Structures are given as C-alpha cells and as structure tokens.
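Some notes on the structure that comes next.
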C-alpha cells in the first residue's frame, strides 16, 4: 500500500490507529501552526505598529538625508553665492549716506534740478521714517521747466553716487506758460542706521 492509499484509508475518528509516520506529520503540522499563531499573536502583532512607525521614520530619515546630501553637494556653490550677496550688500550700503552726509546730499538733489535749468518751486524735506536697518528720507519737490529739462533732471538724479528714488511723479502743463510743465514728485533717499540707533529703536 502506497502513501496516498494510506491517506485515503485513514479514519478521522480513530487517530490512534493511524500509522506513526502520519501521526508524526500531523502533530508536526499542528505544532507549526500553533507556533506560527502564537508568534503572530504574541510577537508580531504587538510589534506591528512599532514596525510601521519605524518604516515611516526610515522614509522620513531617508528623505532628510537626501535633502542634506544635495545641500552638502552644493555647499561650495552656496558659499560662493553668500559671499557674492555679502559683497553686493556692502556695495549697496556704501551708496547709502551716513548721518553727516545727508545735508550735502539734499544740496546735491536741489542743485541737480537747478543745473537742469528747472525752476524750483518747492523743496521740502519731511521727517525721516525708520525701517529695519535704515531710515527713509522723503523730500517733496515741485519743479517747473520744459520736457527735456525734466528728462535731464531725472537722468542726473539716477547718476548721483548715492541712492535716490523718485515716487508719485505727476507732470502737468503750467497754467501760466503752456510750453512749460510742472513736475511734482517725492524723492526718497535712504540712510543706514548705525548700531546705537538700531538698538535705541
């Protein structure tokens, strides 16, 4: 009788009469199933959330590592870029007048209008407005002259060694002389605040 015939002839109600080899296989299978069930219930299942957290953390750490690796690979480029920004910032700071230079800059702005042959009707500096690390100095200006003289004035302001920006420009015909224009604007220059001024607010 071969093994398959033995299996067919087994009586499920009389396990004690089964051949020893088959009983050993069945007991081994039951042991494996019970051991696997016990392992799943008491070892795998309680640790499963921890494993999921570890996997999520692994993904997060891998992404963080890759981001840091990219930054490290570009470190020299970032360093060079920072040096360039600092140099640029230093150049711009040098274009801001110091506290003692502001009066001469106001004279320069006024003289720019006069050198462009404009008739200065108003030159009114307003109180300075403090920002983060600089102060803004607005100046209300009204000038009268021809179109080309106004163009020359704007061009000359742009050529000043200090930063001066023009805002709220309004050009209208002069009611007394139709061939001339009246220019109203706010010129703004900027002054770098020294450490004492920044600390004092």
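In the numbering used here, the protein residues as written are 239 to 439. All C-beta atoms in this analysis are idealised placements derived from N, C-alpha and C, irrespective of residue type, glycine included. Here the structure is a predicted model, which means the values were calculated and not measured.
- Secondary structure at residue 290: helix, using DSSP grouped into helix, strand and coil.
- Of the residues 275, 322, 409, the one whose Cα lies closest to the Cα of residue 423 is 409.
- Every beta strand (DSSP E) of 3 residues or more that sits fully in the region 347-371 is shown, in chain order, as 357-363.
- In the three-state reduction of the DSSP assignment, residue 380 falls in the strand class, which pools E and B.
- Counting along the chain, the unbroken alpha helix (DSSP H) around residue 263 starts and ends at 258-277.
- If you draw a straight line from the Cα of residue 315 to the Cα of residue 405, it is about 37 Å long.
- Per DSSP, residue 388 is one residue of the alpha helix (DSSP H) stretching across 385-396.
- Under the three-state reduction of DSSP output, residue 308 falls in the helix class.
- If you draw a straight line from the Cα of residue 274 to the Cα of residue 308, it comes to about 45 Å.
- Below 8 Å, enough C-beta pairs join the region 351-362 and the region 373-391 to call them touching: three or more.
- The C-beta distance from residue 417 to residue 384 rounds to 7 Å, short enough to fall under 8 Å.
- Our two residues, residue 321 and residue 395, have alpha carbons roughly 30 Å apart in a direct line.
- Annotation for residue 419: 382, 383, 384, 385, 388, 409, 410, 411, 412 place their beta carbon closer than 8 Å to its own, counting only its chain and skipping 5 residues before and after.
- Bounds of any beta strand (DSSP E) do not take in residue 401, whose DSSP letter is neither H nor E.
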